[in-house]
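In my numbering, the protein residues as written are 7 to 292. Virtual Cβ for every residue (Gly too), placed ideally from N, Cα, C. Note that the structure is a prediction, hence the values are computed from the model and not measured. For reference, the structure is listed below as C-alpha cells.
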Amino acid sequence: MYKRQDDFRAKFLSRTKKKKMISLDVARERKFKIDWKTAEIKKPIKEGIYVLEHVTLEQLLPFIDWSPFFRSWDLHGKYPAILTDEVVGEQATELFADAQKLVKKIVRKKMLKTKAVFGVFPANSINDDDIEITVTEPNRSENYTFRTLRQQLDKREGKPNFALADFIAPKESEIQDYMGCFCVSTGFGTKELAEAYEAKHDDYNAIMVKALADRFAEAYAEFLHKEVRTNYWGYATEEKLSNEELIKEGYKGIRPAPGYPACPDHTEKLTTVSYTHLTLPTICSV
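Set out below in C-alpha cells:
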C-alpha cells in the first residue's frame, strides 16, 4: 500500500501542468459580488433548531437516487438505463431485484431508524470569508462562525474567486440574511443487521444492508432539504419537482457539506456540534 501511495505522490508532484495561485488579498478583491440592495431575501417561516424522529423509511423511498448504489458494486451507469446496458445490464438487474427484496423487508420490519436535527438561523458574512450565525435561546443569544475557504486559483479576467460567504449578505450591509444547517442519519440498526448476516456467513446481504442504508441517508438529505425549502424556511412554497429534477439539483438553493470542494474543511462539523449541543435542552421535537 505504501508503495502505491509513494507512486501516486510522485506522479502528482511531477505533473507538467502547474496551477498558478494568487494571494488571498488578491482573491478577495476578485470575490463574487452581489447587489444586496436588490437581492430578494426570504425571512424563514420557522427559525430555530428542530429534531425529527418520526420520519419513516416509506417517506424516503421516493427520494432515493439509485445510480450511486450500482457504483458501490463497481457497476457504472445511470439508473434506470443501467438495467438494460449491453455490458452490465444483466448483473445490474439481478442486483437491483435483490436490493428491492431487502428494502421491502427493512421497511416492513422497521429494521433501520431515521433521525435528523436541523436549524435555520439569522446569518451574515464577516471578514470577507466567514459566516456568522446567531442561535437564540429564551435566556441567551450566542454567535458562531463558519470559516469558508476562498478559491485562490488564478482565473482569467472576469472570473470570480468564490467563497461560500459571498452568498450571504455582509454584516455591514445591515441586511439580515439567513442560513440553514442539518444532519441526518438512517443508520441506526445498520451495524446490528449487517452483523446478523455476517454471523450467517452472508457477506452479500451484509454489504447490501450498508449500501441501502447509505441510499436512505442520501434520500433523507433530499427529503429534509425539500421540507426546509417548502415548509420551514418557506422560500419555495410552490415547488413541484420530480425526483429526477431533485437529483439534477433543479431546486433553488444549495447544501454544501464539510469535506466537499465548496467547504473542504471538516472542522466546520465541530461548529455545528457546538451550537446543537448548546440548544439541545430547548430544541423542538416534531
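In chain order, what are the residue ranges of uninterrupted beta strand (DSSP E) at least 3 long that sit wholly in the region 92-163?
119-132, 136-143 and 146-153
Under three-state DSSP, which class holds aspartate 183?
strand
With 16 other Cβ atoms within 10 Å as the buried cut-off, status of glutamate 178
exposed
Decide if leucine 286 is buried, meaning its Cβ has at least 16 other Cβ atoms within 10 Å, or exposed.
Interpretation of leucine 286 is limited by its pLDDT of 42, a score under 50 that renders its predicted location unreliable; the figure taken from the coordinates is listed afterwards. Burial call: exposed.
Is phenylalanine 168 near phenylalanine 38, with beta carbons less than 8 angstroms apart?
A contact, by the Cβ cut-off of 8 angstroms.
Quick one, which of Val123, Ile55, Asp172 and Lys17 has its alpha-carbon nearest glutamate 36's?
First, the residue type needs correcting, since residue 36 is arginine and not glutamate in the sequence shown. Out of Val123, Ile55, Asp172 and Lys17, Asp172 has the C-alpha closest to the C-alpha of arginine 36.
Per-residue DSSP class, three states only, for proline 74
Annotated three-state conformation of proline 74 is helix, per DSSP.
Measure the C-alpha to C-alpha separation of leucine 230 and methionine 185 and round it to an integer number of angstroms.
15 angstroms
First through last residue of the beta strand (DSSP E) which encompasses valine 57
54-58
Beta-carbon proximity of phenylalanine 188 to phenylalanine 124, cut-off 8 angstroms
Against a cut-off of 8 angstroms, the Cβ pair of phenylalanine 124 and phenylalanine 188 comes out as a contact.
Spatial neighbours of phenylalanine 18 within its chain, please: C-beta separation below 7 angstroms, excluding the five flanking residues on both sides.
none
Mind checking which residues open and close the alpha helix (DSSP H) that includes serine 62?
Looking at the sequence shown, residue 62 is not serine but threonine. Threonine 62 -> no alpha helix (DSSP H), and no H or E assigned at all.
Can the beta-carbon of asparagine 130 be found closer than 8 angstroms to that of isoleucine 70?
Annotated as distal: asparagine 130 and isoleucine 70, with beta-carbon spacing of 8 angstroms or more.
Indicate whether threonine 120 and tyrosine 257 have their beta-carbon atoms separated by less than 8 angstroms.
no
Unbroken alpha helix (DSSP H) run spanning phenylalanine 222, endpoints:
That run of the alpha helix (DSSP H) goes 209-233.
Delimiting residues of the alpha helix (DSSP H) encompassing aspartate 172
For aspartate 172, there is no enclosing alpha helix (DSSP H), as DSSP marks it with neither H nor E.
Which residue comes first and which comes last in the alpha helix (DSSP H) that contains aspartate 31?
30-35
For the ligand COA, is there any heavy atom lying closer than 7 angstroms to the beta carbon of methionine 27?
In terms of ligand content, the structure shown is empty, and the ligand COA therefore cannot be addressed.
Would you call the region 77-88 and the region 189-209 touching, i.e. three or more CB-CB distances under 8 angstroms?
no
Between which two residues does the alpha helix (DSSP H) carrying glutamate 178 extend?
First-last for glutamate 178: undefined, no H or E at that position.
Among residues of its own chain, excluding the 5 on either side of threonine 140, which ones have a beta-carbon nearer than 7 angstroms to its beta-carbon?
Phe127, Pro128, Ser147 and Asn149
Roughly how many whole angstroms lie between the Cα atoms of isoleucine 1 and leucine 81?
Residue 1 lies beyond the residue range present for the chain, which begins at 7 and ends at 292; the question has no answer from this structure.
Boundaries of the alpha helix (DSSP H) in which threonine 196 is found, first to last residue:
Residues 196-205.
Tell me, please, whether the CB atom of glutamine 97 is closer than 8 angstroms to any CB atom in chain B?
In summary, chain B is missing from the structure at hand, where a single protein chain is found.
Measuring alpha carbon to alpha carbon, tell me which of Arg221, Leu30 and Gln158 ends up nearest leucine 108.
Looking only at Arg221, Leu30 and Gln158, the smallest Cα-Cα distance to leucine 108 is reached by Arg221.
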